[in-house]
Structures are given as structure tokens and as C-alpha cells.
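Here the sequence shown stands for residues 1 to 213, where the numbers follow the UniProt record's numbering. In this text, a Cβ means the ideal position worked out from N, Cα and C, and glycines have one as well. Okay, so here's the structure we're looking at.
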Amino acid sequence: MSFNLTVEQGSMAHSRFRDPKVKETDNVGTSEIAVFSPKSSYKEDDGDANQDPEAGNYRLQYSYLSQRGYYPHALDKANQDSFCIHTPFGSNPNDHFFGVFDGHGEYGTQCSKFVKQKLCENLLRNSRFHVDAVEACHATFLTTNSQLHANNNVDDNMSGTTAITVLVRGKTLYVANSSNSKAIIAEKRGIEIVAVDLSIDQTPFREDELKRV
1 MSFNLTVEQG
11 SMAHSRFRDP
21 KVKETDNVGT
31 SEIAVFSPKS
41 SYKEDDGDAN
51 QDPEAGNYRL
61 QYSYLSQRGY
71 YPHALDKANQ
81 DSFCIHTPFG
91 SNPNDHFFGV
101 FDGHGEYGTQ
111 CSKFVKQKLC
121 ENLLRNSRFH
131 VDAVEACHAT
141 FLTTNSQLHA
151 NNNVDDNMSG
161 TTAITVLVRG
171 KTLYVANSSN
181 SKAIIAEKRG
191 IEIVAVDLSI
201 DQTPFREDEL
211 KRV
């Protein structure tokens, strides 16, 4: 699953090793949203790194590609990825939500689809969502995880899913993740474009995660 999100100069992507050719059955798409303040007009980027548009003025672009990873010994392996795009997200026109969920195990597809649906519902229902996005996202991940474990229709004993989400609220990005799906931002530094991690993989290779497990 590959995802690209641009808010002015920023981008987010989740990627994994995949086949070099895109098949007709793959999910591919692109779109653009322009959000303008009712009190001022939008100005195109003139190259000035110090340009700071008003809070209501930004252009959001996103594209996506969902494609099964390459498994040489399992060429018929199903694509277990799910993703969500909500523009806008909820009642606030300045909130936009994007998520990638990489299922794994025998029932990985069911796990990723379950989390894709429930996580969005839980976040919108969280009483702190409009006042503290960080707290709301943290609580929502825990709630959704508990719901997956408790659901009798999805066997998650040896299956599961990653989750990487980005909430765009005006010009601010809130990134939340579980497991090893990654978000990065493309940052312009002089004439170079540098990839900067927005998330830290939650795996046993991290000392604190190893101790927790």
C-alpha cells in the first residue's frame, strides 16, 4: 500500500516492497482539495520559504496505490491492505483523515477491514477529538484494539494489522501508528528534498517495545 498526501510542502507515504508493474485490479487514485479562508484569497507558492498562508488557506492533494507485496513463494497471496480517506472528516471542513492498515496472518484482511471501520468511528465519537487530537487518537487506538480482540467474528489470535493514520487539521498533521507502517514527510532544505520520519516503528527492535512485550 502506497499513499502520498501533500499539504502545501508536506507529504506522507506508507510503502513496502511491491511488484514493479501495477495491475488493472489494483486500487489507484488521486484527488485535490483547495480550502480557502472566507476572509482572504489563496496565493500560489512563489518559492519564498518563509511564506505563511493564513490558517484557512491551503491546498491538499492526495494519491494512493494499493498493491499486494511481492512474495516469490506465494504468488497468489491476497492483498490484505485496507485504507481510508475521509475529506472532510466529521463536521469540521478543516479536518481530513487518512489511514493505511496492513493486515497479516490468515485473517489479516478481516483484521485490517475491521480496524479501518472501527477506528474512524471511535475517533469521531471520542469526546476529546475536537479539543485534544493527540489524546483522542491515543484512546481510540486502545479502544479499537480491545474491540478487535473481543470480536467473535474475526480471529486475531495469529493475525492482525498495522495502523498508520494522519489527521490533517488545518495546517497541522497528527500522526498515530501501531506496528511498522511508516509515515514520512518530504521537507525542502535548500535545493534538496529530504525524507523525514513522522512515525517510529513499534517493533521489538525498539528497546522500550521489547521491554513492554
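Which of helix, strand or coil DSSP assigns to residue i
i, result
"Arg-212", "helix"
"Val-168", "strand"
Local Cβ density within 10 Å of residue i, reported as buried at 16 or more and exposed below that
i, result
"Gly-103", "buried"
"Asn-153", "exposed"
"Leu-210", "exposed"
"Ala-133", "buried"
8 Å contact criterion, which residue i and residue j should meet: CB distance rounded
i, j, result
"Asn-79", "Ser-63", "Not quite, the Cβ-Cβ distance comes to about 18 Å (not below 8 Å), so this is no contact."
"Asp-76", "Tyr-107", "Actually they do not touch by this definition, with Cβ atoms about 17 Å apart."
"Thr-161", "Cys-84", "Going by Cβ atoms, the distance from Thr-161 to Cys-84 rounds to 12 Å, so no, they are not a contact pair."
"Val-213", "Pro-204", "6 Å"
"Ser-159", "Gly-99", "Not quite, the Cβ-Cβ distance comes to about 18 Å (not below 8 Å), so this is no contact."
"residue 268", "Phe-97", "It is not possible to answer for residue 268, since the shown part of the chain is limited to 1 through 213."
8 Å Cβ cutoff met for residue i and residue j
i, j, result
"Val-168", "Ser-199", "no"
"Ala-163", "Leu-124", "no"
"Phe-101", "Ser-127", "no"
"Asn-157", "Phe-114", "no"
"Asn-177", "Ala-186", "no"
"Thr-144", "Asn-122", "yes"
Sequence ranges, alpha helix (DSSP H) only - wholly within the stretch 71-150, length at least 4: The qualifying runs are 108-125, 133-150.
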